[in-house]
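Residue numbers (the working numbering): 330 to 544.
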């Protein structure tokens, strides 16, 4: 079984708290069970010193009226042989912090979330390795199941899992922000990302994921 973890942080490479610890430890346990598990994480500024290899295939994704170029770098998870794919876009991810800086949360966090989630679906194109399960971790990767549902037929083989690490952080933003995602407009309704007239990324993930787990 092939499993792709998608997370904004993965210890010991880059972490802000418990999320990074879990995403850094669980793949090691799954590998011992025979699972081919890999990780996708943004190439944050903290990751730039890592020993990594640039993969030859780049992708372009459109959000709103603007297109963004993404490249993938490959490194390893600690001392293991588990591949970690680092998603590079300097405009979105080359910043002092993962979610915020000294002035507060980044205002374009919704765009950064959409980019990470949608780019996960291009891992097969970039690496030649196809995930059977896309495992999204917390609100910053929570739109991944919706992107998977939007592009797949009812007979699709890949499935999605959403793990909730901290309900205090749900990724709630103004309702109009949903249009940036490029997802079908129906996904932005009450049975999708809409929560009390706001866009709630975690709620959208819960609505669209095939399975939901908690930590």
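Idealized CB from N, CA, C, for every residue including glycine.
Around the C-beta of residue 458, fewer than 16 other C-beta atoms lie within 10 Å, and the residue is accordingly described as exposed. Here DSSP, grouped into helix, strand and coil, assigns residue 460 to coil. In the three-state scheme derived from DSSP, where H, G and I count as helix and E and B as strand, residue 382 is classed as strand.
Selection 503, 538 and 453 evaluated against residue 475 yields 538 as nearest (Cα-Cα). Spatial neighbours of residue 438 in its own chain (CB-CB distance under 7 Å, excluding positions within 5 residues in sequence) are listed in chain order as 428. Here residue 466 carries a strand assignment [DSSP, helix/strand/coil].
Put simply, the segment 368 to 387 touches the segment 407 to 421. At least three CB pairs are less than 8 Å apart. Sequence-distant Cβ neighbours of residue 510 in its own chain, meaning closer than 6 Å and more than five residues away, are 443. Collapsing the DSSP output to three states places residue 350 in a helix.
Rounded to the nearest whole angstrom, the CA to CA distance from residue 333 to residue 348 is 16 Å. Between residue 466 and residue 366 a beta carbon distance of about 13 Å is seen, past the 8 Å cut, so the two are scored as non-contacting.
Segment contact: the segment 492 to 500 against the segment 523 to 538, three or more CB-CB distances shorter than 8 Å; contact assigned. Using a Cβ distance threshold of 8 Å, residue 339 and residue 464 do not count as a contacting pair. Only residues of its own chain outside the window of five on either side were considered, and among them 459, 460, 461, 462, 463, 477 and 481 have a CB closer than 8 Å to the CB of residue 487, listed in chain order.
Shown here, residue 501 sits in a strand according to DSSP, grouped into three states. For residue 428, there is no enclosing beta strand (DSSP E), since its DSSP letter is neither H nor E. By the criterion of a C-beta distance shorter than 7 Å, residue 375 is surrounded in its chain by 343, once the five residues flanking it on both sides are discounted. Its chain contains no residue whose beta carbon lies nearer than 6 Å to that of residue 410 once the 5 sequence neighbours on both sides are disregarded.
Residue 540 is positioned such that its CB atom lies closer than 8 Å to that of residue 490. In the DSSP assignment, residue 391 falls outside any alpha helix (DSSP H) and within the unbroken beta strand (DSSP E) covering 388 to 392. If you compare the alpha carbons of 470, 422, 414 and 524 with that of residue 452, the shortest gap goes to 414.
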